[in-house]
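Participant:
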Amino acid sequence: MCGIIGILGNHEVSPQLVDALRRLEYRGYDSAGVATVDDRGRLDRRRAVGKLVNLSDRLVHEPLRGHAGIGHTRWATHGAATEANAHPHRHGRVAVVHNGIIENFRELRDELIAAGIRPQSQTDTETVALLTGQHMDAGLPPVEAARTALARLQGAFALAFLFEGETDLMVVARKGSPLAIGHGDGEMFVGSDAVALAPFTDRITYLEDGDHAVLTRAGALIYDRDGHQVGRPQNRIDVGATAIDKGGYRHFMAKEIAEQPVVIGDVLNHYIKGDRIVLPEGLDFTSVDRISLVGCGTAHLAGHVAKYWFEQLAGLPCDIDVASEFRYREPPLSPESWFIAISQSGETADTLAALDYARAHVARTVGLVNVGTSAIARDADIALPTLAGIEVSVASSKAFTCQLTVLAILALKAAHDRGRLDDAALAGHLADLRSIPGLLQQALNLSEDCRALSEWLSQAQDVLYLGRGALFPVALEGALKLKELSYIHAEGYASGELKHGPIALIDRDVPVIVLAPHDGLFDKTISNMQEVMARHGQILLLSDPEGIASGSDGVHATLRMPAGGGLFQPILYAIPMQYLAYHTAVAKGTDVDQPRNLAKSVTVE
Ligand code: F6R
6 MCGIIGILGN HEVSPQLVDA LRRLEYRGYD SAGVATVDDR GRLDRRRAVG KLVNLSDRLV
66 HEPLRGHAGI GHTRWATHGA ATEANAHPHR HGRVAVVHNG IIENFRELRD ELIAAGIRPQ
126 SQTDTETVAL LTGQHMDAGL PPVEAARTAL ARLQGAFALA FLFEGETDLM VVARKGSPLA
186 IGHGDGEMFV GSDAVALAPF TDRITYLEDG DHAVLTRAGA LIYDRDGHQV GRPQNRIDVG
246 ATAIDKGGYR HFMAKEIAEQ PVVIGDVLNH YIKGDRIVLP EGLDFTSVDR ISLVGCGTAH
306 LAGHVAKYWF EQLAGLPCDI DVASEFRYRE PPLSPESWFI AISQSGETAD TLAALDYARA
366 HVARTVGLVN VGTSAIARDA DIALPTLAGI EVSVASSKAF TCQLTVLAIL ALKAAHDRGR
426 LDDAALAGHL ADLRSIPGLL QQALNLSEDC RALSEWLSQA QDVLYLGRGA LFPVALEGAL
486 KLKELSYIHA EGYASGELKH GPIALIDRDV PVIVLAPHDG LFDKTISNMQ EVMARHGQIL
546 LLSDPEGIAS GSDGVHATLR MPAGGGLFQP ILYAIPMQYL AYHTAVAKGT DVDQPRNLAK
606 SVTVE
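Letter by letter, the sequence shown follows residues 6 to 610 in this note's numbering.
(1) Taking the beta carbon of L552 as the centre, do at least 16 other beta carbons fall within 10 Å, making it buried, or is it exposed?
(2) Starting from V54, trace the beta strand (DSSP E) in both directions and tell me its first and last residue.
(3) With a CB to CB cut of under 6 angstroms and the five nearest residues on each side skipped, what residues in its chain are close to L445?
(4) In this structure, what does DSSP give as the bridge partners for W343?
(5) For A416, which residues of its own chain have a beta-carbon under 7 angstroms away from its beta-carbon, when the five flanking residues on both sides are left out?
(6) Give, in chain order, every unbroken run of the beta strand (DSSP E) that is at least 3 residues long and sits entirely within the segment 369–432.
(7) Just tell me which of V609, L503, R565, L412 has its CA closest to the CA of L572.
(8) Using DSSP with H/G/I as helix, E/B as strand and the rest coil, what is Q234?
(9) Using only alpha-carbon positions, find the residue among V609, A354, T132 that is nearest to D115.
(10) Closest to A100 by C-alpha separation, out of S126, G138, A154, would be which residue?
(11) At which residues does the alpha helix (DSSP H) containing L603 begin and terminate?
(12) Compute every distance between the C-beta of A382 and the non-hydrogen atoms of the ligand F6R, then say whether any falls below 7 angstroms.
(13) Which residues does DSSP list as the beta-bridge partners of G187?
(14) Applying the 10 Å Cβ sphere with the 16-neighbour rule, what's the burial state of H140?
(15) Determine, using beta carbons only, whether G276 and I282 come nearer to each other than 8 angstroms.
(16) Got a sec? Which residues, its chain only, sit under 6 angstroms from L510 by beta carbon, not counting five neighbours each side?
(17) First and last residue of the alpha helix (DSSP H) that includes E489?
(18) How far does the beta strand (DSSP E) with M175 in it extend, from its first residue to its last?
(19) Is the segment 560–567 touching the segment 535–549, taking contact as three or more C-beta pairs under 8 angstroms?
(20) Just to confirm my understanding: we take A363, look at its own chain, exclude 5 residues before and 5 after, and list those with CB closer than 6 angstroms. What are they?
(21) Give me the Cβ distance between A225 and I262, rounded to the nearest whole Å; I'm assuming they're in contact under 8 angstroms.
(22) Terminal residues of the continuous alpha helix (DSSP H) containing G270?
(23) Skipping 5 residues on each side, what residues in its chain have a beta carbon closer than 7 angstroms to that of L526?
(24) Taking the alpha helix (DSSP H) that L585 belongs to, which residues open and close that run?
(25) Inspect the CB distances between the segment 15–23 and the segment 64–81 and report whether three or more fall short of 8 angstroms.
(26) Looking at the ligand F6R, does it come within less than 7 angstroms of G181, judged from the CB to the closest heavy atom?
(27) Tell me which residue opens and which closes the beta strand (DSSP E) that G302 is part of.
(28) Compute the Euclidean distance between the alpha carbons of G84 and E30, then round it to the nearest angstrom.
(29) To the nearest angstrom, how far is it from the Cα of K56 to the Cα of A25?
(30) Identify which residue in G232, I580, G569 has its Cα closest to the Cα of P550.
(31) Give a single yes or no on whether C7 has its beta carbon closer than 7 angstroms to a heavy atom of the ligand F6R.
(32) Just the C-alpha distance for L451 and S379, rounded to the nearest angstrom, thanks.
(33) Cα separation between R456 and F405?
(34) Would you say the beta carbon of G144 is closer than 7 angstroms to some non-hydrogen atom of the ligand F6R?
(35) If we require 4 or more residues per run, which alpha helix (DSSP H) segments fall completely within the segment 12–67?
(36) With a cut-off of 8 angstroms on the beta carbons, I'd call W80 and M6 a contact; round off their distance for me.
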């Protein structure tokens, strides 16, 4: 999703802006641009479609001077990825960069056109520049002009304004979309996240919803939604935790897959001490009557796995929903229930809105987030870090398994609190969880087998994934990973659903990937596999050694999963889902870390 950077510095700013934009690349983008004010107060901009290298090439041939500037990576919402639609947008003496959606832009645009102002792009953002420029032309000073424009905006935005003639001034604002101010020594910075600001400063202030700020090199004056000047805390961020580095791997995704045994070990060490689960105060499940688990994409699928655990282990009814549906459905929620928002970024607009709805209706809200400083972490009653470390690849891998691990711990805590597990039974499940990092390490050895299978998968037009019980959502996740990384159409189904429709798709060209550990449901899944093979379907069976020994007759290929892990095997089966998608994408030559059309942090709905 769009990334914003702004600098009031003491050096030539355009190389710094491009460098910071490079750190925001992981959010996904299709064009980029920068604007600067030079020492004589002249405002100018450069924009380019495609990768950042196109913008930096442009700047080599047409340099931009100045110590004050703003920059942007654009993920198109309104209008195609063209130079005219790229940010910064400029009108007269103001340039603007924006992340979010201005919902009333059509109305504003019509007004501006009626006033004789001609938009140059198809974007919603340009209306902000047009409005502000219009007010400046009418005589308002820059800060007042920006404020007057801000008052008209509906929707979600993080905005930075830069003004002609002002070498030491920037106005920034946020509503819905994240924005962080960085404090330097005689320099000020603003960015979509702390990652972008990490090379400049470790002192960060997060703006709250509705805030705007007036920045000069001397500091930031912050105003709340009512226009009152307010103080917002400065936080020290761990710059080491924002390191963006492939660590010798070809792609961030490969690195992040390989990190899973370590980061899951970190999660276990954080939340489990001996045979005790240690959670923040207030997480006692004794009198909870229901749980709602909500997220988007992969995070939603983590919740879907957890539904099985909460219900089976704790006997706790559990609803699972995608945030974009939950937020508008107005679901009736019991006042004794809890709501758990799951999000890697902690900024996903739909999940944030679902959390806002739930806060008014339930006994407790919990945010399961990887980015501890995010809006969901701040807004939930209790934030539980998922401790995956920074995830750069747009497609989620380690964040998913860390979410699963925290959710498994919560389900065990719920089962213990509610008397469904005694101390000994809890200790048994905790031992299973503790075995997961070692088993993940074994599962990582499947990379080469997955690479070999990717030759076959990369030829397919369609791929089906089947699973039962808690492996069903993992099948959904496998299909999602393959779609987003390799652009091959893939669907996940509950194995038992096959004969209710999807079986019509089966022929010898459709690979069917079956997730079937040798458990109580194994024989049923083997029967479903027979139905596929009777129709010449080509099966890839993922099972443990016992399952492979008893169920692999007639299959196209097998992947031998480690046995063990008890109820928490879904965490293990995530690994081959990731590797199959990763290697198939590499075989097809797609952009693994930044798949087309996707964004890492989806801050618009
Ligand atoms: C898929 C993927 C997305 C995200 C989804 C939610 O690989 O990464 O489906 O899971 O956009 O994002 P967060 O977890 O940041 O709320």
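All C-beta atoms, glycine included, are put in the ideal place defined by N, C-alpha and C. These numbers come from a predicted model, not from an experiment.
Facilitator: Once the coordinates are examined:
(1) The amino acid occupying residue 552 in the given sequence is Gly; Leu does not appear at that position. Classification of G552: buried, given that the 10 Å Cβ count is 16 or more.
(2) Residues 48–54.
(3) Within the same chain, L445 has close Cβ partners Q265, P266.
(4) Under the DSSP definition of a beta bridge, W343 partners with I296, R369.
(5) If we look at A416 and ignore the five residues flanking it on each side, its Cβ neighbours are A311, W314, F315, L318, A319.
(6) Within the segment 369–432, the complete beta strand (DSSP E) runs of at least 3 residues are 369–374, 387–390.
(7) Ranked by how close their Cα comes to the Cα of L572, the residues V609, L503, R565, L412 have L412 in first place.
(8) DSSP, read as helix, strand or coil, puts Q234 in strand.
(9) When C-alpha distances from D115 are compared across V609, A354, T132, the shortest belongs to T132.
(10) Considering only alpha carbons, the answer is G138.
(11) Unbroken run through L603: none, as it is neither H nor E.
(12) A382: no, Cβ never under 7 angstroms from the ligand F6R.
(13) Residue pairing by DSSP places G187 opposite F194, I209 in a beta bridge.
(14) It is buried - the Cβ of H140 has at least 16 other Cβ atoms within 10 Å.
(15) It is worth fixing the name first, because residue 276 is Tyr in this sequence and not Gly. Taking 8 angstroms as the cut-off, the Cβ atoms of Y276 and I282 count as close.
(16) When the five nearest sequence neighbours on each side are left out, no beta carbon in the same chain lies closer than 6 angstroms to the beta carbon of L510.
(17) 476–491 is the span of the alpha helix (DSSP H), which, as asked, contains E489.
(18) According to the DSSP assignment, M175 belongs to the beta strand (DSSP E) that extends over 175–180.
(19) With the cut-off at 8 angstroms, the segment 560–567 and the segment 535–549 touch.
(20) Excluding its 5 nearest sequence neighbours in each direction, A363 has C-beta neighbours in its own chain below 6 angstroms: F344, T370, listed in chain order.
(21) Distance from A225 to I262 at the Cβ level is roughly 40 angstroms; contact not present, criterion being Cβ atoms closer than 8 angstroms.
(22) First-last of the alpha helix (DSSP H) with G270: 265–276.
(23) Closer than 7 angstroms at Cβ, skipping near neighbours: R473, G474.
(24) Residues 574–593.
(25) When Cβ pairs closer than 8 angstroms are counted between the two stretches, the segment 15–23 is seen to touch the segment 64–81, the count reaching three or more.
(26) Not so, every heavy atom of the ligand F6R lies at least 7 angstroms from the Cβ.
(27) Going by DSSP, G302 is part of no beta strand (DSSP E) but of the alpha helix (DSSP H) stretching over 302–319.
(28) Our two residues, G84 and E30, have alpha carbons roughly 20 angstroms apart in a direct line.
(29) For the pair K56 and A25, the Cα-to-Cα distance works out to about 14 angstroms.
(30) Of G232, I580, G569, the residue nearest in Cα terms is G569.
(31) It does not: the Cβ of C7 is nowhere closer than 7 angstroms to a heavy atom of the ligand F6R.
(32) Rounded to whole angstroms, the gap between the alpha carbons of L451 and S379 is 34 angstroms.
(33) Whole-angstrom Cα-Cα distance: 21 angstroms.
(34) The ligand F6R has no heavy atom closer than 7 angstroms to the beta-carbon of G144.
(35) Scanning the segment 12–67 from its first residue to its last, the whole alpha helix (DSSP H) runs of 4-plus residues come out as 18–29, 57–66.
(36) Their Cβ separation, rounded to whole angstroms, is 5 angstroms, which keeps W80 and M6 in contact under 8 angstroms.
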